[in-house]
Amino acid sequence: MNIQKMDQKYIANTYARFPVTFVSGKGCILVDEAGKEYIDLTSGIAVNAFGIADEKWLEAVKVQLRKLQHTSNLYYTEPCVMLAKMLCERTGMEKVFFSNSGAEANECAIKVARKYAANQKGADYYNIVTLTGSFHGRTITTLAATGQASFHTDFTPLTPGFVYAEANNLDDLYNKVKQNKVAAIMFEVVQGEGGVNPLTKEFVKGMKEIAQHQNILLIADEVQIGNGRSGKLYGYMNYGIKPDIVTTAKGLGGGLPIGVTILGDKTADVLTPGLHGSTFGGNPVCCAGALNILSRIDDKLLKEVRQKSQYIKEELDGASGIKKITGLGLMLGVETVKDSSSVILDCLENGVLILKAKDKIRLLPTLNISMEELKKSVAVIKEACAL
Ligand code: PLP
């Protein structure tokens, strides 16, 4: 059985996969079918927060799996309530809606924002301002929200009601808000798929002021940067603001699918029975895993994330073939002199998995990667980048 040939025959051709088939792993080590080991600095694109087969997460998931794998949302279950409580307590928000992915979490946020604005100002206040370079998902509506024209080609007409302002340009944001009837501004504090580009503190502060002044909601898309990756629990916490809605997914589940839309005091009661729903959202097994992950993203871990980030930056800054490092915490983009795709292939060859973001290489290691593994992998990256 040739897995790669069968994959190409039977699976829709949406991914340009690397020619590697993984069979197992532990922590941040992945093992391919030939037994070769790789240090994983991708975490399944910011998903495996504590790596592969993390013992504590595994135990939490297994215990729940043996008890009850699914009900429907017609009944109460404990894991989703406990997770919702912890999310609200740790963000100071009020209520959550559970779904299964980042795109769905954003869809829910958009629905809530539109309903809130319709209640407050009228149904014509439906526009959502998003930023150029953003990425919010692949459904027709979240593609519309994504401020990159290249993602829109072939799928028009997209959902109407999205307006794009230039990232880090307060004048443009203000003009877009004034020229349109706006429900919300949606943003990633670090644009991941857009090239690991952080918003400036000045822009985020100004955005908050515009939103307050114009009575429009702020939606922080924390799908990639959230859940400890930035060195704080959520990325926006590095900027001293509190959004009205926070969306997250990826790392929260530790490897199982989960999406969450976290609602602040203005929006907590917008959703009423029948307005929104999800078959799998709040699944007890996913929530039990997420509860374990979230409870372990504590001050000690967050400090280590910041220290490891610093270590990577110090090692790579000024190294041969490296132009610039961007990002926050353990979500870093590295601009290389060599073509980033060739650096990625070189690292793969030498047993280190890294990602691409636009023309940069992108590092998203597990939050608890050991210093030993980090040192080994950074040495491989340096070698691959060197001129
Ligand atoms: N929002 C951001 C910031 C993302 O990075 C992503 C995925 O990369 C999404 C939304 C979409 O998430 P999902 O693929 O889980 O639907």
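Note that the working numbering has the sequence shown beginning at 4, numbered continuously upward. Positions of the beta carbon are idealized from the N, C-alpha and C atoms, including for glycine.
query: Which two residues bound the contiguous beta strand (DSSP E) that contains Asp224?; result: Leu220 to Asp224
query: Is it the case that the Cβ atoms of Thr393 and Tyr237 are separated by a distance below 8 angstroms?; result: One cannot answer for residue 393 here, as it falls past the ends of the chain, which runs 4 to 390.
query: Can you tell me the Cα-Cα spacing of Pro2 and Leu44, whole angstroms?; result: Only positions 4 to 390 of the chain appear in this structure, which leaves residue 2 out of reach.
query: Does at least one heavy atom of ligand 1 sit under 7 angstroms from the Cβ of Ala106?; result: yes
query: Would the C-beta of Glu110 count as close to ligand 3, meaning under 7 angstroms from any of its heavy atoms?; result: No copy of ligand 3 appears in this structure; the ligands present are ligand 1.
query: Between Ser281 and Gln217, what straight-line distance do the alpha-carbon atoms span, to the nearest angstrom?; result: 32 angstroms
query: Is it the case that the Cβ atoms of Leu390 and Leu86 are separated by a distance below 8 angstroms?; result: no
query: Is the beta carbon of Ile372 sitting closer than 8 angstroms to the one on Cys31?; result: yes
query: Quick one, which of Leu356, Ile364, Arg232 and Ala360 has its alpha-carbon nearest Phe53's?; result: Arg232
query: Tell whether a beta-carbon distance below 8 angstroms holds between Ala112 and Thr275.; result: no
query: Going by DSSP in three states, Ala52 sits in which element: helix, strand or coil?; result: coil
query: How many angstroms separate the CA atom of Thr3 from the CA atom of Leu377?; result: Lying outside 4 to 390, the shown extent of the chain, residue 3 is not represented and no answer is given.
query: Comparing the CB of Phe138 with every heavy atom of ligand 1, is any distance shorter than 7 angstroms?; result: yes
query: Have a look at Ser298 and Trp60 and give me their C-alpha separation to the nearest angstrom.; result: 11 angstroms
query: Could you tell me if the beta carbon of Glu191 falls within a distance shorter than 7 angstroms of some heavy atom in ligand 1?; result: yes
query: Regarding Gly150 and ligand 1, is the C-beta to nearest heavy atom distance less than 7 angstroms?; result: no
query: Using 10 angstroms around the beta-carbon of Tyr119, count the other beta-carbons present and answer buried if the total reaches 16, otherwise exposed.; result: buried
query: Tell whether a beta-carbon distance below 8 angstroms holds between Thr343 and Asp362.; result: In the sequence under discussion, the amino acid at residue 343 is Ser, which differs from the Thr named in the question. Yes, they are a contact pair.
query: Assign Val381 to one of two classes, buried (16 or more other C-beta atoms within 10 Å of its C-beta) or exposed (fewer than that).; result: buried
query: Taking only three categories from DSSP, how would you classify Gly262?; result: strand
query: Which runs of the alpha helix (DSSP H) spanning at least 4 residues fall entirely within the region 62-91, listed in chain order?; result: none
query: Residues in its own chain within less than 7 angstroms of Gly324 by CB, not counting five upstream and five downstream?; result: Thr339, Val340, Lys341, Cys388, Ala389 and Leu390
query: Mind checking who Ile347 pairs with in its DSSP beta bridge?; result: DSSP output for Ile347 lists no bridge partner at all.
query: Just reading off the beta strand (DSSP E) that Lys326 is part of, what are its end residues?; result: Ile325 to Leu331
query: Quick check: the Cα distance between Gln151 and Leu134, rounded to an integer number of angstroms?; result: 9 angstroms
query: Among Ile213, Gly262 and Asp247, which one has its Cα closest to the Cα of Asp272?; result: Asp247
query: Can you find a heavy atom of ligand 1 that lies under 7 angstroms from the Cβ of Asp174?; result: no
query: For Asn5 and Gly336, what's the separation of their Cα atoms in angstroms?; result: 34 angstroms
query: Starting from the C-beta of Ile213, find all residues in its chain whose C-beta is less than 7 angstroms away, skip the five residues before and the five after it, and write them out in chain order.; result: Leu176, Tyr177 and Val180
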